[in-house]
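Undergrad: The structure's right below; bear with me while I get my questions together.
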Amino acid sequence: MATSVLQPFIQKVRIPTAGDRVYKDECVLCFDTPESENGLYVCMSTFLGFCRSHVQLYFRKTSNSLFLHLKRYKREVEESDAPTSTPTKLAIGVEGGFNVSGKKYEYEDHNNIVLLPDFQNVTLPCHDLPESVQLSISSILEIDAASIQEEADALQGTWDGMQREVTIHANKLLQLDNGVKIPPKDWQCQVCGLKENLWLNLTDGAIHCGRKYFNGLGGNNHAVEHYLKTKYPLVVKLGTITSDASDVYSYDEDNMVLDPNLPQHLAHFGINIKDLQKTDKSMVELEIDLNQRIGEWAIIQESGAKLVPLYGAGYTGLENLGNSCYLNSVMQVLFNIPDFKKCYFQKYEDICSEFMHDAPKNINVQMAKLGYGLWSGEYSKPPENVKDPQEAVPELPGIKPRMFKNLIGQGHPEFSTKRQQDAQEFFLHLISILERYSRARENPADSLKFEVEERIQCSVSKKVKYTTRTDYLLSLPIPLSAATNKDELDAFEIKKAEILARGDRVKPDEIVRPRIPLQACLDSFSNLELVEDFYSTAINAKATAYKATRLHTFPDYLMLHLKKFTIGEDWVPKKLDISLDVPDELDLCALRGKGIQPGEEELPESVSTESEFEYNEALLYQLSDMGFPLDACKKALYFTQNEGIDSAMNWVMEHMNDPDFRDPFHLPGAQKNNSNFTPSPEAVSMIVAMGFTPPQATRALEATENNLERAVDWIFSHSEEMEVDSAPAVKAQFRDGIEKYKLVAFISHMGTSTVAGHYVCHILKEGHWVIFNDNKVALSENPPKDLAYLYIYQRTSSS
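For the sequence shown, the numbering used here assigns the number 284 to the initial residue and increments by one for each residue that follows.
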């Protein structure tokens, strides 16, 4: 084809600049890449990339005709003779993480210009192309792909994806002139004589052992106890000190930190950092080592079993994009709920056609794209060179949900990073996004939505108050006192003490976990709760009250969240290592709330204003002294009615990620004098188009100074206040039905904290349990139901 044919289209060719995003590594509407059979077509005007089928749809919608066709051939070369490296990151399937295969590949690129609609081809290099076209091609090829740019933006200010702030003590650390000099070896704890997991206090040079882990490993807490006595805050782990990196911990900041003055601080005790070599494991390596030894890792991943891989629609894996296993597990489970599959996969073509122009930034498109990737079967086909389909083979690469991950985490302080996250928190974050973008259209999350009923009865007047709230998962406490194997646990504690006394370690197969019936967790959730310092509007004075929590409606799918991650007595987050007795079928009739009953008298409505509400000053001081914003503390005390520090702390922990967490607090219904406020007409129109009323839009814009994005977040986080102002609005609809359920999926977490470890999910499909371990999908032999973190139950078809 002569280059003159391109002339009518050259005026639309653009040269990408630093501000442009070039989508050249994956189709914006599916998961085809330059390595796919037909390669990738990048529009030379908008820099959007498409597969062969979608580029034709794009041409029909836009008339953009000129594309750079990228085709890459990947060939496996001889495997390296070098031994498989040990993991250095808490991740699966990423560089430096677990499961390093050792395989190497070489690549060969073939790039051409293609003119639609007939796919006319200009082979490159072509020297008589106009300069603008040549510059556009070279810039598209040289500039980083959009996914790389967005990842770099997210990781600004982080180290290896894990945020470590410079300690506040870096320039003002007290160091005592006590003559202490640290020898180069033979270190031991000054209290117990332990010779590993040792920490050097940078103020007085004291050496003590670290914290004791939940399974008896680690140290004996002597470094922590030394800090509590002296308040000397900064310690460094001996054996990890090198000129490149060291593990430094700040007790009062309660975090791993960076100490730019560490060489000087160490020199005070005679330590030359340049001469040191690493001899002990860093905290990351120790976490990896601990997680590998702990039995739940092997059990949850079904290690040792020859799992038969599965292929086809619904059996597509998701590649781990740097600690994205929490996202992978949640999305696999959700797309096995019919409403999600119907909303996004079955309407895939319609959504792509409607929102094609802003596909990378549209949540509906990226949800539909993910649904297509999981359910089309296009990205889960058996390897051609396998003779026996039942033979266990290396896993397929799996699809890479880069655009979805970047979009869903955009602007979020946690989900925009590569740090490991909590699956339960991600689920709620996703639900809030879907609520926002599904306000005027079908929301598949309605199949998970239910109404919680709370009944409070004043112990003096016996009058009651019923309130309801919306939720998408049922969080259950874990009553350790309900363990059914207490004799075994007592025997294990004795045995563990003997093992540790000998200086040995507890082996994984020797660990005995508390066995807790799921029913005990449900009973604990529904038990009457005593509310101290309850202000009774019936007697206009403080009293005690009893609170009962029930479900007012029962959804099609009920997600149970087991509160395994708790705050210890020392305020250090920890994970409960327990085994749950989980039934395949649940009857939750006992949890049905029935609303106000005959003979019950309601508490009168409160007429108090903010100035009349008396905050418990002691509780307010306790909360604010923990570092929480004052207005957030006031909210916690108001919404828990001064019930106590535990209730207030629970409220804070549940609402820390609310967009208005730090905003000034005004009581619901309190009047704010701002008669001069004029809402932005454009912003009001956009909010009303999402399904809200003009008064709601006006109030939200007033509270957020006419900031449209913050106003939408404000509405969703002030739903109760909105109901007061929205008489014409339609009340939220909830599906309801029988209270009987069957277990259809569960998500398990391996590791000791939410910021480390790995997530795996198991899903019941066609009568068989299937394990989804990132890009590995196989028939499960021993589904570890007792070790899960999130359980998904489906309503049975009949009573």
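By construction, the Cβ of each residue, glycine as well, lies at the ideal position given by its N, Cα and C atoms.
1) According to DSSP, is Ala-1071 part of a helix, a strand, or is it coil?
2) Assuming Gly-476 and Gly-600 are in contact, meaning their beta carbons sit under 8 Å apart, how far apart are those beta carbons, in whole angstroms?
3) Which runs of the alpha helix (DSSP H), 4 residues or longer, sit entirely within the stretch 624-655?
4) Can you list, in chain order, the residues of its chain with a C-beta nearer than 8 Å to that of Tyr-341? Leave out the 5 residues immediately preceding and following it.
5) Counting C-beta neighbours from all protein chains within 10 Å, is the total for Met-939 16 or more, i.e. buried, or is it exposed?
6) Tell me whether Ile-465 sits in a helix, a strand or coil according to DSSP, three-state version.
7) Which whole-angstrom value is the C-beta distance of Ile-465 and Gly-488, which I expect to be below 8 Å?
8) With DSSP run on the structure shown, which of helix, strand or coil describes Asn-1166?
9) What are the uninterrupted segments assigned as beta strand (DSSP E) that are 3 or more residues long and contained completely in the stretch 713-779, given in chain order?
10) So, helix, strand or coil for Ile-1046, using DSSP?
11) Between which two residues does the beta strand (DSSP E) holding Lys-790 run?
12) Suppose you measure from the CA of Ala-931 to the CA of Pro-317; what does that come to, to the nearest Å?
13) Just curious, the alpha helix (DSSP H) that Cys-804 is in, first and last residue?
14) Could you give the residue range of the alpha helix (DSSP H) that holds Tyr-609?
15) Going by the beta-carbon positions, is the gap between Leu-457 and Leu-521 smaller than 8 Å?
16) Inspect the beta-carbon positions of Phe-687 and Val-613 and report whether they are closer than 8 Å.
17) Rounding to the nearest angstrom, what Cα-Cα distance links Asn-404 and Arg-685 in this structure?
18) Does the beta-carbon of Ala-642 have 16 or more other beta-carbons within 10 angstroms, so that it is buried, or is it exposed?
19) Which parts of the stretch 285-363 are runs of the beta strand (DSSP E), unbroken and 3 residues or longer, counting only runs that do not cross its ends?
20) Please check the pair Tyr-1076 and Leu-1026, which I expect to be a contact at CB under 8 Å, by giving their CB distance rounded to whole angstroms.
21) From the DSSP output, in three-state form, read off Tyr-818 for me.
22) What is the DSSP secondary structure of Asn-990, counted as helix, strand or coil?
23) Please name the residue in Asp-1057, Tyr-532, Met-936 whose C-alpha comes closest to that of Glu-708.
24) Can you look up Gln-954 in the DSSP assignment and give me helix, strand or coil?
25) For Gly-493, which residues from the same chain have a beta carbon less than 7 Å from its beta carbon, with the 5 sequence-adjacent residues on both sides left out?
26) My guess is that Ile-261 and Ala-728 are in contact by the Cβ rule of under 8 Å, so how many angstroms apart are they, rounded?
27) Assign Met-1033 to buried or exposed, taking buried as 16 or more other Cβ atoms, counted over all protein chains shown, within 10 Å of its Cβ.
28) Determine contact between the stretch 688-700 and the stretch 617-630, defined as no fewer than three beta-carbon pairs at a distance below 8 Å.
29) How would you call Thr-513, buried or exposed, if buried means at least 16 neighbouring beta carbons within 10 angstroms?
30) With DSSP run on the structure shown, which of helix, strand or coil describes Asn-899?
31) Do you know offhand how far Tyr-1024's Cα is from Pro-838's?
32) Kindly give me the distance between the Cβ atoms of His-844 and Thr-751, rounded to whole angstroms, as I take these residues to be in contact under 8 Å.
33) Return the chain-ordered list of same chain residues with a C-beta closer than 6 Å to the C-beta of Gln-649, the five sequence neighbours on each side being excluded.
34) According to DSSP, is Arg-494 helix, strand or coil?
35) Classify Gly-440: buried if its beta carbon has 16 or more other beta carbons within 10 angstroms, exposed otherwise.
36) If you draw a straight line from the alpha carbon of Tyr-720 to that of Asn-647, how long is it in whole angstroms?
TA: In terms of the structure at hand:
1) Along the sequence shown, one-based indexing puts residue 1071 at 788. Ala-1071 falls in the strand class under three-state DSSP.
2) The count along the sequence shown starts at 1 and reaches residue 476 at position 193. The count along the sequence shown starts at 1 and reaches residue 600 at position 317. Wrong, their Cβ atoms sit about 49 Å apart, outside the cutoff.
3) 631-637
4) Counting from 1 along the sequence shown, the entry for residue 341 is found at position 58. Answer for Tyr-341: Cys-326, Leu-331, Phe-333, Asn-347, Met-639, listed in chain order.
5) As a first step, residue 939 must be located in the sequence shown, where it is residue number 656. So Met-939 counts as exposed.
6) Here residue 465 refers to the residue found at position 182 when the sequence shown is read from its first residue. Ile-465 falls in the coil class under three-state DSSP.
7) One-based indexing of the sequence shown puts residue 465 at position 182. One-based indexing of the sequence shown puts residue 488 at position 205. Yes, they are in contact, since the Cβ atoms of Ile-465 and Gly-488 sit about 6 Å apart, within 8 Å.
8) This structure cannot settle anything about residue 1166, because the visible part of the chain is limited to 284 through 1082.
9) 733-741, 747-754, 757-759
10) Here residue 1046 is taken as the residue at index 763 of the sequence shown, counted from 1. Reduced to three states, the DSSP call for Ile-1046 is strand.
11) Translated into the one-based positions of the sequence shown, residue 790 becomes position 507. No beta strand (DSSP E) contains Lys-790, which DSSP labels as neither H nor E.
12) In the sequence shown, residue 931 corresponds to position 648, counting from 1. In the sequence shown, residue 317 corresponds to position 34, counting from 1. The straight-line gap from Cα to Cα measures roughly 53 Å.
13) Sequence index remark: in the sequence shown, residue 804 carries index 521 (1-based). 801-809 is the span of the alpha helix (DSSP H), which, as asked, contains Cys-804.
14) In the sequence shown, counting from the first residue as 1, residue 609 sits at position 326. Looking at the DSSP string, the run of the alpha helix (DSSP H) that includes Tyr-609 is 608-617.
15) Locating residue 457 in the sequence shown gives position 174, counting from the first residue. Locating residue 521 in the sequence shown gives position 238, counting from the first residue. Contact flag unset, no.
16) As a working mapping, residue 687 is identified with position 404 in the sequence shown. As a working mapping, residue 613 is identified with position 330 in the sequence shown. Cβ distance not < 8 Å, so Phe-687 and Val-613 don't count as in contact.
17) By 1-based counting over the sequence shown, the position of residue 404 is 121. By 1-based counting over the sequence shown, the position of residue 685 is 402. Cα-Cα distance, rounded: 30 Å.
18) The residue labelled residue 642 in the question sits at position 359 within the sequence shown. Buried, since its Cβ has 16 or more Cβ neighbours within 10 Å.
19) 323-326, 349-360
20) On the sequence shown, position 793 is the one that residue 1076 refers to. On the sequence shown, position 743 is the one that residue 1026 refers to. About 6 Å separates the two Cβ atoms, so the contact holds.
21) Within the sequence shown, the letter at position 535 stands for residue 818. Of the three classes helix, strand and coil, the one that applies to Tyr-818 here is strand, per DSSP.
22) If you number the sequence shown from 1, residue 990 lands on position 707. Reduced to three states, the DSSP call for Asn-990 is coil.
23) Locating residue 708 in the sequence shown gives position 425, where the first residue counts as 1. Cα-wise, what sits closest to Glu-708 is Met-936.
24) Taking the first residue of the sequence shown as 1, we reach residue 954 at position 671. Caution applies to Gln-954, whose pLDDT of 45 falls short of 50 and renders its modelled position unreliable; the value that the coordinates give is listed next. Gln-954: coil per DSSP, three-state reduction.
25) Reading the sequence shown from its first residue, position 210 is the one you call residue 493. So the qualifying residues of the chain are Asn-480, Trp-482, Gly-501, Gly-502, Ala-506.
26) Outside the displayed span of the chain (284 to 1082) sits residue 261, for which this structure offers no information.
27) Along the sequence shown, read from residue 1 onward, the residue named residue 1033 stands at position 750. The residue in question, Met-1033, is buried, as its Cβ has 16 or more Cβ neighbours within 10 Å.
28) no
29) For the purposes of this step, residue 513 is taken as residue 230 along the sequence shown, with counting starting at 1. Classification of Thr-513: exposed, given that the 10 Å Cβ count is below 16.
30) Here residue 899 refers to the residue found at position 616 when the sequence shown is read from its first residue. In this structure, Asn-899 counts as coil in the three-state DSSP scheme.
31) Along the sequence shown, read from residue 1 onward, the residue named residue 1024 stands at position 741. Along the sequence shown, read from residue 1 onward, the residue named residue 838 stands at position 555. Computed Cα separation, rounded: 10 Å.
32) Here residue 844 refers to the residue found at position 561 when the sequence shown is read from its first residue. Here residue 751 refers to the residue found at position 468 when the sequence shown is read from its first residue. With a Cβ gap of about 19 Å, His-844 and Thr-751 do not count as contacting.
33) Reading the sequence shown from its first residue, position 366 is the one you call residue 649. The residues are Met-686, Phe-687, Leu-690.
34) Taking the sequence shown and counting its residues from 1, the one referred to as residue 494 is at position 211. Looking at Arg-494 - three-state DSSP - the assignment turns out to be coil, as it is neither helix nor strand.
35) Stepping through the sequence shown from its first residue, residue 440 is reached at position 157. Residue confidence is low: Gly-440 scores 42 on pLDDT, short of 50, so the model does not pin down where it sits. No coordinate-derived value is stated.
36) Reading the sequence shown from its first residue, position 437 is the one you call residue 720. Reading the sequence shown from its first residue, position 364 is the one you call residue 647. Cα to Cα, the separation comes out at about 8 Å.
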